[in-house]
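K.L.:
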Amino acid sequence: MALSNTDKNLDVEIIAKLERQFGSRFAAIVRDSPTLRSDLRKARLLGVRIKRWNGKTGAYCRYYPTDRRNAYISIGSLDSPLMKVIYLAHELYHVLYGTTPAFPDPRKISRKRYLSMAVGEEARAIMRQTKVAHELWSTGKHAMPAWQLNLMLMELTGGYKQLRDYVLVARQSFGMETYEENFGRIWDQAHRKLIRERQLKLKNSNNQSRRRANRSISKAA
Ligand SMILES: [Zn+2]
Numbered sequence: 003m004a005l006s007n008t009d010k011n012l013d014v015e016i017i018a019k020l021e022r023q024f025g026s027r028f029a030a031i032v033r034d035s036p037t038l039r040s041d042l043r044k045a046r047l048l049g050v051r052i053k054r055w056n057g058k059t060g061a062y063c064r065y066y067p068t069d070r071r072n073a074y075i076s077i078g079s080l081d082s083p084l085m086k087v088i089y090l091a092h093e094l095y096h097v098l099y100g101t102t103p104a105f106p107d108p109r110k111i112s113r114k115r116y117l118s119m120a121v122g123e124e125a126r127a128i129m130r131q132t133k134v135a136h137e138l139w140s141t142g143k144h145a146m147p148a149w150q151l152n153l154m155l156m157e158l159t160g161g162y163k164q165l166r167d168y169v170l171v172a173r174q175s176f177g178m179e180t181y182e183e184n185f186g187r188i189w190d191q192a193h194r195k196l197i198r199e200r201q202l203k204l205k206n207s208n209n210q211s212r213r214r215a216n217r218s219i220s221k222a223a
């Protein structure tokens, strides 16, 4: 499908900014992926901020599925331009399409459901990054790292299911937790907080009724 002039102009504007942050090699790679450019346009319209994370490798993002406008993505400055582009494609999936809440409400979502959501979202983010990697690889201009080629192969042979299984055993780059351990901890924290709040409420209403009871006793005396 041909791009409209508005989209073309938006691409030029977005890529010029990325070039200032991440260099001309990075910008040239971004130009070669229609999927990435399309996601970048969506992110721009939402006001998603893309930041350079100086002296770091890897990437991360913050977003709230209920309001995607304040989302941001941080890309480490130390990786190769191609790795940075692949990370960007991955994080864009989270901020644009992810649905896993950062602060789950244990009254509304079970632990099992929350973990399943988080792992599913991660598998979809890997699919998105793999789609972008495939577009880049198809141009014949970019040498893919072996681990990304492996993900492309996994998706071709086993699709979403296989990537989901891969996420289940994968370790996150921050800390050495699996995704289930990490999101399990987030859910458990929310659950403990909820229990504390309930206990406090119960204690307060107990105190109140005791005071009321004491008042009626003193009146009767
Ligand atoms: Zn991810």
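The working numbering numbers the first residue of the sequence shown as 3 and each following residue consecutively. Every residue, glycine too, gets a C-beta built ideally from N, C-alpha and C.
(1) Rounded to whole angstroms, what is the Cα-Cα separation between residue 65 and residue 92?
(2) Run through DSSP, which three-state label would residue 61 get?
(3) Between residue 71 and the rest of its own chain, which residues show a CB-CB distance below 7 angstroms, the 5 nearest in sequence each way excluded?
(4) Checking the sheet assignment: what are the DSSP bridge partners for residue 89?
(5) Cβ of residue 136 within 7 angstroms of any heavy atom in ligand 1?
(6) Confirm, please, whether the CB-CB distance from residue 53 to residue 31 is below 8 angstroms.
(7) Closest to residue 163 by C-alpha separation, out of 39, 123, 79, would be which residue?
(8) Judging by CA-CA distance, which residue of 43, 18, 191, 23 is the nearest neighbour of residue 5?
(9) Would you kindly work out how many angstroms separate the C-alpha atoms of residue 200 and residue 206, rounded to a whole number?
(10) Determine, using beta-carbon pairs with one atom in the segment 175-189 and one in the segment 113-133, whether at least three such pairs fall under 8 angstroms.
(11) Expressed to the nearest angstrom, what Euclidean distance is found between the alpha-carbon atoms of residue 61 and residue 150?
(12) Pull up the CB-CB distance for residue 97 and residue 73, whole angstroms please, since I reckon it's below 8 angstroms.
(13) Spatial neighbours of residue 87 within its chain, please: C-beta separation below 8 angstroms, excluding the five flanking residues on both sides.
(14) Which of the three DSSP states is assigned to residue 69 in this structure?
(15) On the DSSP letters alone, give me the boundaries of the alpha helix (DSSP H) that residue 54 sits inside.
(16) Rounding to the nearest angstrom, what Cα-Cα distance links residue 112 and residue 95 in this structure?
(17) Would you check if the distance between the CB atom of residue 80 and the CB atom of residue 57 is smaller than 8 angstroms?
(18) If you reduce the DSSP assignment to three classes, tell me which class residue 78 lands in.
P.N.:
This is what the structure gives:
(1) 13 angstroms
(2) strand
(3) 48, 49
(4) Residue 89 pairs with nothing; no bridge assigned.
(5) no
(6) no
(7) 123
(8) 43
(9) 10 angstroms
(10) yes
(11) 16 angstroms
(12) 4 angstroms
(13) 28, 31, 32, 35, 38, 134, 138
(14) strand
(15) That residue, residue 54, is in no alpha helix (DSSP H); its beta strand (DSSP E) goes 51-55.
(16) 24 angstroms
(17) yes
(18) strand
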